[in-house]
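**Q** Numbering (mature numbering (1 follows the signal peptide of the UniProt record, and there is no 0)), first residue to last: -19 to -1, 1 to 176.
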Amino acid sequence: MALLVRASLLACLAAPAVAYVAPAHREVSTSRTVQSTAPAGIWAAQDPVAEETADARAGPFGLVAASVAIGAALGWLSSRRQQVASATAAAAVALTPIAAPAIVEYDGIKYLGGTDKVDINNANVQAYRQFPGFYPTAAGAIATHGPYKSVKDIYGIPNLDPRVVETFKKYESNLVCLPPSPAYYLDRVNNFMYR
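(1) Can you tell me whether residue 103 is buried or exposed? The criterion is at least 16 other CB atoms within 10 Å of its CB, across all chains shown.
(2) Distance check for residue 69 and residue 130, CA to CA, integer angstroms please.
(3) In the structure shown, what three-state DSSP assignment does residue 142 receive?
(4) Nearest to residue 87 by alpha carbon, out of 171, 170, 160?
(5) Rounded to whole angstroms, what's the CA-CA distance from residue 64 to residue 54? Just pull it up for me.
(6) Around the Cβ of residue 140, are there at least 16 other Cβ atoms within 10 angstroms (buried) or fewer (exposed)?
(7) Which same chain residues end up closer than 7 Å to residue 152 when comparing Cβ atoms and leaving out the 5 residues on each side of it in sequence?
(8) To the nearest angstrom, how far is it from the Cα of residue 105 to the Cα of residue 133?
(9) Which term fits residue 145, buried or exposed, when burial requires 16 or more other beta carbons within 10 angstroms of its beta carbon?
(10) According to DSSP, residue 168 sits in a beta bridge with which residue or residues?
Laid out in structure tokens, this is it:
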């Protein structure tokens, strides 16, 4: 086993040195040089004999080098199986996306327009349509002010028309005041849902 490891190491170290082969000096015909003003690179690219010899030298050595490299990698992986498995598991855990915490069901959902009670802190102005005379003036006044601590706070809205105050009193028993929820508070005036 130790001999195989040493041989693989020697092959890996020797591969870069053997891979470099000095180009062979070939004699260029003077007639070709004299007759043409083209650069020498064009003549070298058109010489099929030089290309075949370069391919023949690189082919077997490249195959041997690739097989040695693959064998060395597989040998290292098999000897370090436990470490490779734990590193792979750690990478998989690190790259796995974490689920975002979902919004828990809002307890006051029934007060956003589904029943005869409306939450003044979170309901959209459309929820007040069920109360005749409430929409749009009284509903708009509630939605554009707040947040409120109790239902009685709606009477403190500045510049209320006396008719709006009467509407508030008429439907005060249908209004509830829950803490503002960030998911609903911003959509009180306009929920961006159009017909």
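Here a beta-carbon is modelled for each residue, glycine too, at the ideal position from N, C-alpha and C. As the structure is a prediction and not an experimental result, all values here were calculated from the model.
**A** On the basis of the supplied data:
(1) buried
(2) 54 Å
(3) coil
(4) 160
(5) 14 Å
(6) exposed
(7) 112, 115
(8) 19 Å
(9) buried
(10) Paired residues: none, contrary to the question.
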